[in-house]
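Written out as structure tokens, the structure is:
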């Protein structure tokens, strides 16, 4: 009888321990879930590798896996460091939608990149969020607000050509290295390939 009580007690303890462990795992899952949602709300938290991993074949995963990384940070450095304030004021204002343009021409708002670029006209009420400078055959995009399309590790991904609205240029697809500004401690600009339609 005493042995049976001991066995029943041990069984009760095992069941209680399993319940506690199960509850603990459930609580961990519940605390992890908001972080995943937050990641989707904060595209800048993604690295380039994480973006590629999260993409499907339909979105163009193979395109990004095989795309060489283009580094034109010398053009960014030239614009940001070598120009005087007068030259910097001569930039062209643009409005950029900082979300990823997939190779299938869809925009993915959960991932950083560039999808839409509009030349800001003087008569427009839109607020420019980027100044553009032409330097050494590249278009250097300098965000003038906190928003930008750079990944956490400093890349701008563009999966398909972007025709700049109200302008005669097309930004070419690619993965571009952003310029890191030591003074501000953030990625401050990116230079991209483009061609003119006129």
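Residue numbers (my numbering): 3 to 200.
Every residue, glycine too, gets a C-beta built ideally from N, C-alpha and C.
From a predicted model like this one, the values you see are computed outputs, not experimental measurements.
- Distance from the Cα of residue 70 is smallest, within the candidate group 177, 188, 181, for 177.
- Taking 8 Å as the cut-off, the beta carbon of residue 179 is found no closer than this to the beta carbon of residue 161.
- Nearest Cα to residue 96 within the set 200, 75, 165, 187: 165.
- Of the candidates 49, 60, 136, 136 places its Cα closest to the Cα of residue 195.
- Within a 10 Å sphere around the beta-carbon of residue 159 sit 16 or more other beta-carbons, which makes this residue buried.
- Under a 10 Å Cβ-count criterion, residue 150 is classified as buried, with 16 or more other Cβ atoms of the shown protein chains found around its own Cβ.
- If only uninterrupted beta strand (DSSP E) runs of at least 3 residues are considered, those enclosed by the region 45-102 are 94-99.
- Judged by beta-carbon spacing, residue 113 lies beyond the 8 Å limit of residue 189, meaning their Cβ atoms are not closer than that value.
- Apart from sequence neighbours up to five positions away, the residues of its chain that approach residue 99 with a beta-carbon distance below 8 Å are 109, 116, 117, 118, 119, ordered along the chain.
- Distance from the CA of residue 169 to the CA of residue 133, rounded to the nearest whole angstrom, comes to 14 Å.
- For residue 162, there is no enclosing beta strand (DSSP E), since its DSSP letter is neither H nor E.
- Going by C-alpha positions, residue 79 is about 31 Å away from residue 64.
- Around the beta carbon of residue 153, 16 or more other beta carbons lie within 10 angstroms, which makes this residue buried.
- In the three-state scheme derived from DSSP, where H, G and I count as helix and E and B as strand, residue 186 is classed as coil.
- For residue 114, no beta strand (DSSP E) segment is defined, and its DSSP state is neither H nor E.
- The alpha-carbon of residue 130 is positioned some 8 Å away from that of residue 146.
- For residue 134, the uninterrupted beta strand (DSSP E) run begins and ends at 132-137, by DSSP.
- Cβ-Cβ distances below 7 Å link residue 139 to nothing in the same chain once the five nearest sequence neighbours on each side are left out.
- Sequence-distant partners of residue 111 (beyond 5 residues in either direction) whose C-beta falls short of 6 Å from its own C-beta, in its chain, are 101.
- With respect to residue 121, residue 193 sits apart: the two C-beta atoms are not nearer than 8 Å.
- Taking the C-beta atoms as reference points, residue 106 is found no nearer than 8 Å to residue 52.
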